[in-house]
Each structure stands twice: as C-alpha cells, then as structure tokens.
Amino acid sequence: MNDFEGKISVEYQDRSSNNAIAKEQQQQQQQQQQQRQQQQQPVPVSNKEVTDNRPYLISRTQPESNNNSPNANDVFFSPDFDQITVNDLISVVPDDWKFMTSLAEQPNLNYLYSETKYPNLQLFKIIWDAGPLSLFVGTVEQNDPTRANANVELSDDHLIDFVWTIVKVTRYFYHFVMYPDEFLLDLLDFCFKLGTVNPIIQSVMTYDCSLHIMRIYKESGKMELYDSWDQQIRIPAFKECIDILKDRLEKCDSFSEMVGLSFAVVIIFSGTSSDKSWRSHLSGTYQLLLKASKLRQNAKSDDSFDYAALKLFDIVCEWFRHLDFLVQVCSFNGADKRKLKIENNRNLSDNIAVSPNGINMMTGHCVELIEIKHRVFYFIEDFRKKGINLSGIHLIRISIEDDVIDSNGADLPYPSSSSPPSQSQSHHTMTRNDRLALKVEGYESLSLLESLSHRRNVDRLPIKDLKMNLTINFCNKVYFLAFELYLKYFYVGLRNLEEINQLILKIIDTIHSMPNQTSVALICHWCIFLTGEVAILIGNEDVYKAILGILGNFVQNGMDVNSREILQQIKTIVYKGQGLQLGKSLLVDDFVIF
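Numbering (this note's numbering), first residue to last: 46 to 639.
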C-alpha cells in the first residue's frame with residue numbers, strides 16, 4: 046500500500062452523572078445501526094428538533110417545499126466513475142496496518158449520537174483566536190482523557206466531549222476556519238444530525254482530532270503523550286473509518302449516508318494533504334462525489350436528515366472546486382482531466398458555504414473571484430494541450446527563462462525531440478507567440494480583476510465577533526492582491542522591483558493586520574506560498590523570512606503544513622543558479638498547497 050502519514054490528536058473529557066442513561070441509549074442505537082446495515086436501508090429521521098445541553102442552540106427552519114430539482118449550487122459530474130474502493134480514498138503505512146490487524150478481533154464500538162443529548166462544546170476554556178494552540182498545551186494535557194484512562198474507548202463520553210470542545214476551539218481543526226461561531230454551530234448541528242445514524246461522523250472527527258493533538262504534543266516535545274494518542278486514539282479511530290467505508294461504500298444507496306461517507310473522506314484528505322498519495326486520493330474523492338450526486342435525486346429536503354446532508358454536500362462541493370483550482374496552479378502536473386462542470390452559485394442565500402456578504406467561506410474570498418479562477422484554470426489547461434505546463438514549479442522555470450531571454454535577447458533552444466512531451470514531462474520551450482499569449486491573458490485577467498475592485502471590501506457580517514469580521518475582509522483583500530501578483534509577475538512578466546516589492550509587502554501587511562492571523566489566515570495558504578515564491582525569485586530575504594514566520598504559526602497550531610519545506614527546496618535550487626532545471630532534471634515532490 047502507499048505511504049500514509051497521519052499525525053494529530055484529540056482530547057477528551059468526563060461527562061456528568063447521567064451518563065448511564067446515555068450509555069444504554071447508545072447501545073440500543075448501535076444495535077439499530079447494525080440492523081440498518083444488514084437491511085442496507087437508512088433509518089428515517091423525524092423532523093423533531095434536537096434537544097441538547099447547548100445554551101445557545103440556533104433554531105433552524107425546514108424548507109416548506111420538497112424541491113429535488115438541481116440548482117446552481119450543485120456540482121454536475123459526468124458518469125465516468127461508479128465503483129469506489131477504500132484503496133481509492135485512503136492509504137495506510139505498514140506499521141499502522143500491522144497495528145490495525147491486531148485490533149481486528151476487538152468489537153467495533155461505533156459511536157452514534159443520541160438525539161436528546163448534544164456533546165459538550167465547552168468542556169474546558171481556550172480562547173480560539175488567542176494564539177497558536179501549542180501555547181495552551183498545558184490545558185490540553187490537563188484534560189487529556191488518555192492520562193486518566195490508559196485504555197480509554199473511542200465511545201467514551203469524556204473523549205467525545207473533549208473532541209467536540211477541540212472541534213469548536215479549532216473550527217473543526219481549521220477545515221472551517223473562516224466560519225464564525227454563529228455559522229459554525231449550524232454546521233456542527235448538521236454533522237450531529239448525520240451522526241445520529243452514521244457512526245463515521247464521530248469516527249472521522251476523533252481521528253482528525255488525534256492527528257491534531259499529536260502535532261501539538263510533538264511541537265511541544267511531549268513525545269510520550271504523542272505515542273499514547275497514536276496507539277490509543279489515532280490508529281483505532283482510523284481503523285473504524287476504514288471498516289465503515291469498506292462495509293458501506295458498495296452497499297450505500299442513500300444520499301444522506303453517501304454524503305456522510307464523502308464528508309469523512311474529505312476530512313481525512315484535508316487533515317493529511319501533505320501525504321504523497323494525495324493525487325490518487327483526490328481522484329477517489331471525485332468518484333465518491335460522483336456517486337453522491339447520482340443519489341441526490343432521492344433526497345427529500347423536508348426530511349431533517351436529508352436536509353442536513355444537502356447542506357453538507359454544498360460544503361463538500363465547494364471544497365472540491367477550490368482544491369481543484371489549487372491543484373491546477375500549484376502541483377507538478379496540474380489538475381487531472383475530468384468532466385466536471387463547475388458553475389457559479391446563484392442561490393447564495395441557500396448555500397451554507399457562502400456568507401450573507403458574498404464570501405465563500407471554504408475559499409476565503411468573494412464569489413466574484415471565481416471568474417478569475419476559471420480563466421486561470423482553463424488557460425493553463427489550454428497550454429497543457431500544446432505541451433506547455435504552466436502549473437507549479439514549471440511556471441517558476443518559465444519566469445526564469447523569460448529573464449534569461451530578456452538579458453540575452455534571444456529565445457532558448459528548443460528540445461531536440463519533435464514529439465510533444467507527456468503531461469508529466471512537459472518541458473516544451475515557449476515560442477514568442479506563446480509568451481505573447483501569456484502576456485495578453487495576464488493583461489485581460491488583470492482588467493477583469495480591476496473591474497471587481499469594488500468587492501475588495503465586503504460588508505460586515507451580523508456576527509458578534511468583531512475581530513472575525515475584520516479578518517474575513519482582510520482574507521478577501523489578500524486574494525485580490527495575490528491574483529494581482531500572480532498575473533503581473535508570472536503572466537505579464539513585470540520585473541519592476543519597486544512595484545513587485547510594494548505588492549508583496551502589501552500582502553504581508555494585510556496578513557499581519559488580521560486579528561486571527563495564526564488561524565484564519567490558513568485559508569490564504571496559497572496566497573502566502575505564492576508570495577514566498579516571488580520573494581525567492583526577486584531575492585527579498587526579509588519577506589521570505591516573514592512568510593516562514595506566518596507558516597510557522599500554522600505549524601504551532603497543529604496544522605499539516607509542508608509549504609515551508611517546499612519553499613526551502615525551491616530557494617536552494619534557485620539560489621544555486623539552477624532554476625532553469627526546475628521540473629526537468631531537478632524536481633520538487635508533487636504537492637498541493639491547501
């Protein structure tokens with residue numbers, strides 16, 4: 046199997062004295078779940094509202110109509126794939142697999158939520174935006190369930206409460222980092238609703254939490270606790286996810302259950318995006334979304350369970366659209382070819398991924414910038430058809446070639462082979478016409494970007510967190526500045542150092558102006574990485590160090606960030622004067638900045 050490196054942790058905590066009743070309810074639910082799986086039919090969920098211990102539960106209204114027709118919020122997939130296996134979605138390192146095998150004889154204690162008891166989101170107090178989570182490792186350690194119980198079970202109430210508390214503190218381990226409390230709680234309500242009948246919701250939450258806590262412990266040098274979480278929580282939770290996926294992928298014929306499986310796979314992917322097998326996993330995730338989209342026609346929006354699934358499906362689709370763009374501009378080979386029709390959202394008020402002020406909270410920018418992303422995406426695709434790769438480090442090499450051509454006054458020699466290169470070895474030297482086309486596209490896209498400048502500042506959201514409002518606006522500005530930098534430097538070929546330096550300093554200043562820069566700024570990861578690349582190319586060491594500092598804050602927060610190492614690889618190659626060999630004899634591992 047392929048290498049899979051997963052490291053994070055989750056914490057847990059004790060519940061109050063009425064847990065005996067909850068335990069009995071949980072056992073009954075587990076028996077019901079087994080019966081449902083045997084019948085291959087999901088249990089219908091009533092429209093009764095959830096009663097829980099959360100004092101600030103936001104009331105929700107169900108839609109009056111039962112309209113199942115597709116709308117502009119949907120992603121439309123072509124019927125290219127249907128059969129999906131766990132190997133398409135997840136890989137396991139040999140040591141993990143060996144440990145999982147030793148757990149095979151143990152009973153599966155898949156956790157289902159009780160409709161009448163909501164997990165505790167405030168087991169302990171950590172101000173989520175007070176700084177890197179590693180600063181609060183003492184609080185995390187004090188409430189660590191593995192310290193109180195060396196054989197803690199994944200279904201333990203204390204652990205469940207701990208996981209949900211960390212979920213709230215970290216905005217679901219920074220996967221939904223731009224969601225204010227008011228929006229995050231709705232999202233968690235939908236997860237909870239699905240988790241009353243689908244155990245993978247809690248299994249993947251516990252697994253992702255374990256990765257996160259392990260990173261915090263590793264960053265703090267607490268390797269004994271790191272190892273404890275690895276064996277007691279991470280691997281057993283990972284096994285649960287794999288077992289559920291194995292059992293349900295082929296049997297599932299319910300839209301809501303398939304969305305639960307898709308959501309779990311997305312969380313696993315996002316938590317380990319630096320894994321070397323990310324590309325094959327992303328392809329498998331696409332297939333899973335395809336299957337979910339086929340089942341969507343059976344969803345009933347007036348059913349509370351299907352309603353929750355429809356909302357989470359919007360999030361998963363927005364996640365995939367954004368990641369597909371990042372793969373196109375960042376990775377070695379760009380995005381895989383797939384017949385995926387991506388449309389702008391029209392019914393913005395009905396999409397949980399889009400805020401009332403038009404900010405896509407899964408991407409970090411206003412929805413109008415999607416048009417720029419589409420132009421860039423398909424321009425790169427058109428050039429790839431001609432044998433020219435504009436993705437990732439290839440674009441860096443091309444920009445260096447431009448500088449050599451400008452200094453020498455002549456084109457670089459063409460490769461000796463007359464046959465077009467393969468996608469993975471696309472080294473075709475650009476002609477003057479190609480360079481002109483790149484420059485024209487840059488100017489046209491910059492003109493479009495300028496026409497959207499009225500959206501650089503967005504309206505304030507009706508939320509209590511004033512700092513989050515400010516941070517959201519700054520994130521949007523960073524994306525505008527990043528696209529301006531990307532187009533001016535790599536497409537137009539701007540080499541006015543004063544202007545480029547002013548632009549990258551604006552990006553740094555805007556990020557540092559964010560009240561939540563150590564957390565929410567992660568949604569601008571590509572913008573930060575891009576700024577670091579340009580800083581390397583123009584030799585601005587101060588900006589480069591500032592970029593490393595920002596990325597270091599993400600690491601201290603327990604995030605899976607490999608961009609620092611990638612930037613260092615690129616810097617070493619460029620500073621040695623070997624930039625013309627990037628993507629040729631000198632390679633950087635295929636990666637995606639996410």
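We put the CB at the ideal spot given by N, CA and C, even for glycine.
Note down, in chain order, each residue of its chain lying with its Cβ closer than 8 Å to the Cβ of residue 268, except the 5 sequence neighbours on either side. 262
Give, in chain order, every unbroken run of the alpha helix (DSSP H) that is at least 4 residues long and sits entirely within the stretch 210-247. 226-240
Run the CB neighbour count on residue 512, radius 10 Å, all protein chains shown included, and call it buried at 16 or more, exposed below. exposed
How big is the Cα-Cα spacing for residue 286 and residue 369? 24 Å
Grab the span of the alpha helix (DSSP H) containing residue 353 for me, first residue to last. 349-375
In the DSSP assignment, find the unbroken alpha helix (DSSP H) run with residue 542 in it and report its ends. 542-557
With which residues is residue 162 paired in a DSSP beta bridge? 159
Cβ-based neighbour list, residue 422, same chain, cut-off 6 Å, excluding 5 preceding and 5 following: 370 and 373
Would you decide whether residue 477 is buried or exposed? Buried here means 16 or more other CB atoms lie within 10 Å of its CB. exposed
Quick one: does residue 556 have its CB under 9 Å from some CB of chain B? Protein chains in the displayed structure number just one, and chain B is not present.
Quick check: the Cα distance between residue 616 and residue 609, rounded to an integer number of angstroms? 10 Å
Excluding the 5 residues preceding and the 5 following residue 533 in the sequence, name in chain order all residues of the same chain whose CB lies nearer than 6 Å to its CB. 539
Between residue 160 and residue 613, what straight-line distance do the alpha-carbon atoms span, to the nearest angstrom? 50 Å
Quick check: the Cα distance between residue 112 and residue 355, rounded to an integer number of angstroms? The pLDDT assigned to residue 112 is 38, lower than 50, so where the model puts this residue is not dependable; a value taken from the coordinates is nonetheless given after this. If you take the alpha carbons of residue 112 and residue 355, they lie about 12 Å apart.
For residue 260 and residue 131, the rounded distance between their alpha carbons: 25 Å
Considering only their Cβ atoms, is the gap separating residue 148 from residue 244 smaller than 9 Å? no
Looking only at its chain, what residues have a beta carbon closer than 6 Å to the beta carbon of residue 179, apart from the 5 residues adjacent to it on each side? 261, 264, 265 and 601
Sequence-distant residues of the same chain with beta carbon closer than 7 Å to residue 515, five excluded per side: 560
Which whole runs of the alpha helix (DSSP H) in the stretch 487-520 are 4 residues long or more, in chain order? none
Residue 148 in three-state terms, based on DSSP: coil
By Cβ distance, which residues of its chain are closer than 7 Å to residue 469, with the 5 residues on each side in sequence left out? Its pLDDT being 40, under 50, residue 469 is placed unreliably by the model, and the measurement read from it follows with that caveat. Around residue 469: 378.
To which residues of the same chain is residue 525 closer than 6 Å at the C-beta, ignoring the five residues directly before and after it? 501
Short of 7 Å in beta carbon distance, which residues of its chain neighbour residue 297, apart from the five on each side in sequence? Order them along the chain. 303 and 306
By the 10 Å Cβ neighbour count, where 16 or more other Cβ atoms means buried, how is residue 584 classified, buried or exposed? exposed
Is it right to say residue 507 is buried, meaning 16 or more other beta carbons lie within 10 angstroms of its own, or is it exposed? exposed
Looking at the secondary structure, which residues open and close the alpha helix (DSSP H) in which residue 645 lies? Since the first residue of the chain shown is 46 and the last is 639, residue 645 is not available in this structure.
Can you tell which of 341, 588, 409 and 582 has its C-alpha closest to the C-alpha of residue 621? 582
On the CB-based measure, 16 or more other CB atoms within 10 Å of its CB, does residue 505 come out buried or exposed? exposed
Excluding the 5 residues flanking residue 337 on each side, which residues of the same chain have their C-beta closer than 7 Å to its C-beta? 300, 303, 304, 307 and 358
Simplified DSSP assignment, three categories, for residue 411: strand
Does any heavy atom of the ligand COA sit closer than 8 Å to the C-beta of residue 193? The ligand content of the structure shown is nil, which means the ligand COA is not present either.
Top-ranked residue by Cα proximity to residue 237, from 226, 250, 327 and 443: 250
Candidates 214, 366 and 488, of which the one nearest residue 405 by Cα: 366
Residues bridged to residue 405 (per DSSP): 399 and 410
Residue 606 and residue 553: beta carbons closer than 9 Å? no
Drop a sphere of 10 angstroms on the beta-carbon of residue 492, count the other beta-carbons inside from all chains shown, and report buried for 16 or more, exposed for fewer. exposed
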